[in-house]
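**Q**
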Amino acid sequence: MVPLREVPVALILAPAGKIDDVPRLIEAGADRVYLGIRGHSREGVRGSVSLDEITRGIDEGVLPPERIDVALNTVPDDGGKECLSLIEKVISAGIKRVILNDPGLIAEAGKRFPRLFITASVGLSVTWDGTARFLEEAGARGVVLPTCAGPDLVRRIKAISSLAVEVFLYCREDPSSTGPAPFPVTCSKEGRGRKRRQRRGRGHASPSAGGWLSRPLPTTSREHWGCG
210 MVPLREVPVA LILAPAGKID DVPRLIEAGA DRVYLGIRGH SREGVRGSVS LDEITRGIDE
270 GVLPPERIDV ALNTVPDDGG KECLSLIEKV ISAGIKRVIL NDPGLIAEAG KRFPRLFITA
330 SVGLSVTWDG TARFLEEAGA RGVVLPTCAG PDLVRRIKAI SSLAVEVFLY CREDPSSTGP
390 APFPVTCSKE GRGRKRRQRR GRGHASPSAG GWLSRPLPTT SREHWGCG
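Start counting the sequence shown at 210; every next residue gets the next number (the numbering used here).
1) With the cut-off set at 8 Å, would you say Gly270 and Gly256 are in Cβ contact?
2) Between which residues of its own chain and Glu291 is the CB-CB distance below 6 Å, once the five residues before and five after are set aside?
3) Should Leu378 go down as buried or exposed, given a rule of 16 or more other Cβ atoms within 10 Å for buried?
4) Between Arg409 and Thr283, what straight-line distance do the alpha-carbon atoms span, to the nearest angstrom?
5) Taking the C-alpha atoms as reference points, what is the distance between Val307 and Pro360?
6) Gly289: buried (16+ other C-beta within 10 angstroms of its C-beta) or exposed?
7) Going by DSSP, what residue range makes up the beta strand (DSSP E) through Leu244?
8) Where are the alpha helix (DSSP H) runs, 4 residues long or more, that stay fully inside the segment 251–295, in chain order?
9) Roughly how many angstroms separate the alpha carbons of Ala373 and Ile304, rounded to a whole number?
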């Protein structure tokens with residue numbers, strides 16, 4: 210029998226689309242809740258919150274900062290300046306965990322904020338243990354695996370690293386991770402104020418309205434578990 214102290218602890222991390230969702234999710238049993246920062250979230254405006262909302266929620270006692278993860282699921286185009294500034298403000302508000310979607314940003318944030326718990330986002334598409342080890346060396350302390358990852362990958366990652374591993378128990382299918390998406394989304398055209406229409410899944414990346422990018426996974430949608 211495995212000694213009790215060696216049994217890994219499983220925690221439930223739930224997504225929240227707005228501040229009011231957080232107390233309800235915690236009451237329902239979530240150990241931690243993550244919030245996407247507006248403008249840096251794959252969920253767009255409706256499924257994300259502003260930094261001011263987070264700060265106000267903490268000040269009003271609605272958000273327990275020790276149970277909140279903040280997600281910045283974008284790839285920086287300014288050398289990471291905006292994201293690093295947001296991370297600094299998030300830390301000042303009392304939050305100690307972030308989810309990041311860019312290896313360079315993970316490395317720089319890890320250097321600047323050594324006490325910050327950084328989780329590598331699912332958008333980095335970790336499908337083998339070598340990638341996980343690389344992200345840990347870059348500064349990540351946790352990693353979110355895509356839905357095509359199974360228990361064997363979790364075991365391999367735990368065998369070679371000290372990373373905390375997050376997996377999906379239930380989620381909706383995201384065409385940007387399972388193959389080219391046939392539907393268009395609105396994206397800001399760089400350097401201009403007007404909008405243009407693009408299609409997700411072109412080339413090697415999948416830009417969404419929130420600027421989120423992911424590597425395409427070498428699997429079909431049937432191989433992804435947890436989707437429903």
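Note that beta-carbon positions come from the ideal geometry of N, C-alpha and C, so glycine has one too.
**A** So, from the data block:
1) Going by beta carbons, Gly270 and Gly256 fall outside the 8 Å limit.
2) none
3) Leu378 should be labelled exposed.
4) Confidence at Arg409 is low in this model, with a pLDDT of 39, below 50, so the placement of that residue should be treated as unreliable; the coordinate-derived value is given next. C-alpha separation (whole angstroms): 15 Å.
5) 24 Å
6) buried
7) Where Leu244 is concerned, the enclosing beta strand (DSSP E) stretches over Arg241 to Gly245.
8) 260–268
9) 18 Å
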